[in-house]
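Presented below is the structure to which this report refers.
2 protein chains.
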Amino acid sequence: MFNRKEQILDVAEEILQTQSLSSFSYQDLSDRIGISKASIHHHFPSKEELCLALVTRHRSSLTTTLETITQEQTNPIQQLDAYMLHVSQILQSGSKICLTGSLQSEYTLLSKNTQQELSNLCKYVHTWLSRVLAEGKKQKVMAFPGTSEDHASLIQAALQGALQQARSESPKQFNAVIRQIKVLLKGK
Amino acid sequence: MFNRKEQILDVAEEILQTQSLSSFSYQDLSDRIGISKASIHHHFPSKEELCLALVTRHRSSLTTTLETITQEQTNPIQQLDAYMLHVSQILQSGSKICLTGSLQSEYTLLSKNTQQELSNLCKYVHTWLSRVLAEGKKQKVMAFPGTSEDHASLIQAALQGALQQARSESPKQFNAVIRQIKVLLKGK
DNA sequence: GTCTATAGCGGGATAGAC
DNA sequence: GTCTATCCCGCTATAGAC
Chain A
1261 MFNRKEQILD VAEEILQTQS LSSFSYQDLS DRIGISKASI HHHFPSKEEL CLALVTRHRS
1321 SLTTTLETIT QEQTNPIQQL DAYMLHVSQI LQSGSKICLT GSLQSEYTLL SKNTQQELSN
1381 LCKYVHTWLS RVLAEGKKQK VMAFPGTSED HASLIQAALQ GALQQARSES PKQFNAVIRQ
1441 IKVLLKGK
Chain B
1261 MFNRKEQILD VAEEILQTQS LSSFSYQDLS DRIGISKASI HHHFPSKEEL CLALVTRHRS
1321 SLTTTLETIT QEQTNPIQQL DAYMLHVSQI LQSGSKICLT GSLQSEYTLL SKNTQQELSN
1381 LCKYVHTWLS RVLAEGKKQK VMAFPGTSED HASLIQAALQ GALQQARSES PKQFNAVIRQ
1441 IKVLLKGK
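So the protein sequences, as listed, match chains A and B.
Going left to right, the first sequence walks through residues 1261 to 1448 as our numbering numbers them.
Going left to right, the second sequence walks through residues 1261 to 1448 as our numbering numbers them.
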């Protein structure tokens, strides 16, 4: 048999990116997976544990993604492009938002552990982005004023916000943000 | 007597910016205001109506704010600064996020009317920002590549994302985004 | 406008059989 | 691992008295 735990996390992640932590229930999971609520409780006794597992898995998945990008692309511009493509695929697969954004909106409802794990995840992405930007500047293939860290913060925040804005507006708004991030990095 | 409806909306807005639409209840309102749940239903029969009223009021409030800024500040740079100060005050009054961001995260759960009103609100802010940026460029007090509309989208998305990121990180992350938005507008 | 009381539902979680 | 059955709770919403 395949891994049921992973299947539950897959479905939970999808719902979380479409709705919110408070609004989704074991019943939702039960309906979509086709096993009873009690069976899901067997794998994840509490909602809090499920949520923590979700964030932990997401962090390790994102780590793999970013490491792969770093290995496959040597050019910092292509590395950033690959990451932005990764983010835009979230939008294209339904009008989802990133897991991070969904959970940060309900940050005050998370357990201490989950908050910590979410914080680690964000820090990791920020560090990666900062490094790519610093490398791009050093190689003179990117140009931007200010520090790499600040510019990384801007890009990270903009991508998260853009996914959400795309919901009430059109995906065009999201594409506008991607376009502008790229334009800003071109020297003149 | 003061206006109870407004009081309810005040408290609801505060809770929504701290938690989420799904997680907050008439009981929460009842506890904080000191009247029964049934009394609140008298003013806002359903949660959906309350939510719509909240967005409508927020839109008119924001319209006033932006019009005031436009009248009081003649310099586009100062207009943008005033708006960003307005946003940063959201963060300073507790670790809140903007109403827009909170509701967009649960966009799929909103009624059609509320979705439409939220969309109008976002469009209005985007139009205002675009105009300020275009004016700044025309007066040569701002410099940025690309269109005013795209740069407005970037700033709007970044501010919304930054408020959320500030929760799992520190307010420093938010300040970094503000700083970088300003730096990007300086000609060199 | 506010209250108490309650309906009716769905939530998270558990017990115990298979 | 999965099920049925059930507990207890909190939710939205309504009825009807004051």
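Built from N, CA and C at the ideal position, the CB exists for glycine as well.
These figures come from a predicted structure and were not determined experimentally.
Endpoints, the alpha helix (DSSP H) within which residue i is located
i: GLU1366/A; result: Careful: GLU1366/A lies outside any alpha helix (DSSP H) and carries neither H nor E.
i: THR1324/A; result: 1307-1332
i: ILE1441/B; result: 1431-1445
i: ILE1268/A; result: 1264-1278
i: SER1299/A; result: 1297-1303
i: ILE1350/B; result: 1336-1352
i: LEU1289/B; result: 1286-1293
Own chain residues within Cβ distance below 8 Å of residue i, not counting five before or after
i: ILE1268/B; result: LEU1289, ILE1293, ILE1300, HIS1303, PHE1304 and LEU1310
i: THR1319/B; result: In the sequence as presented, Thr is not what sits at residue 1319/B; that position holds Arg. Around ARG1319/B: GLU1377, ASN1380, LEU1381 and TYR1384.
i: LEU1423/B; result: VAL1347, ILE1350, LEU1351, LYS1356, ILE1357, CYS1358, GLY1361 and PHE1434
i: VAL1401/B; result: ASN1335, PRO1336 and ILE1337
i: SER1353/B; result: none
i: GLN1331/B; result: none
i: SER1371/A; result: GLU1308, CYS1311 and LEU1312
Chain-order list of residues whose beta-carbon lies under 7 Å from that of residue i (same chain, five-residue window excluded)
i: LEU1389/B; result: ALA1412, ILE1415 and GLN1416
i: GLN1333/A; result: GLN1339 and ALA1342
i: PRO1431/B; result: LEU1351
i: GLN1287/A; result: LYS1297
i: VAL1271/B; result: LEU1289, ARG1292 and ILE1293
i: LEU1444/A; result: PHE1404
i: ALA1313/B; result: LEU1269 and PHE1304
i: THR1324/B; result: none
i: HIS1386/A; result: ALA1412, SER1413 and GLN1416
i: ARG1264/A; result: HIS1303
i: GLY1447/B; result: ALA1403
Contacting residues, own chain, Cβ-Cβ under 6 Å from residue i (five flanking each side not counted)
i: SER1408/B; result: SER1390, LEU1393 and ALA1394
i: ALA1426/B; result: LEU1351, GLN1433 and PHE1434
i: ASN1373/B; result: LEU1312
i: LEU1326/B; result: TRP1388
i: LEU1419/B; result: VAL1347
i: VAL1315/B; result: THR1374, GLU1377 and LEU1378
Tell me the start and end of each unbroken beta strand (DSSP E) in the region 1365-1410 of chain A that is at least 3 residues and wholly inside, in chain order. none
For the region 1394-1416 of chain A, which residues have a beta carbon sitting closer than 9 Å to at least one beta carbon of chain B? PHE1404, PRO1405, GLY1406, THR1407, GLU1409, ASP1410, HIS1411, ALA1412, SER1413, LEU1414, ILE1415 and GLN1416
Determine, using beta-carbon pairs with one atom in the region 1357-1368 of chain B and one in the region 1272-1289 of chain B, whether at least three such pairs fall under 8 Å. yes
Taking any Cβ of chain B, which residues in the region 1357-1382 of chain A have a Cβ under 7 Å from it, in chain order? Cβ contacts with chain B: ILE1357, GLY1361, SER1362, GLN1364, SER1365, GLU1366, TYR1367, THR1368, LEU1369, GLN1375, LEU1378, SER1379 and CYS1382.
Quick one: which residues of the region 1272-1288 of chain A get their C-beta closer than 9 Å to a C-beta of chain B? List them in chain order. THR1278, GLN1279, SER1280, LEU1281, SER1282, SER1283 and PHE1284
Quick one, which residues of the region 1294-1317 of chain A are near chain B if we go by CB-CB under 8 Å, in chain order? none
Got a sec: which bits of the region 1425-1438 of chain B sit with their beta carbon under 7 Å from any beta carbon on chain A, in order along the chain? GLN1425, ARG1427, SER1428, GLU1429, GLN1433, ALA1436 and VAL1437
Name the residues in the region 1336-1358 of chain B whose C-beta lies less than 7 Å from a C-beta of chain A; which are they? ILE1357
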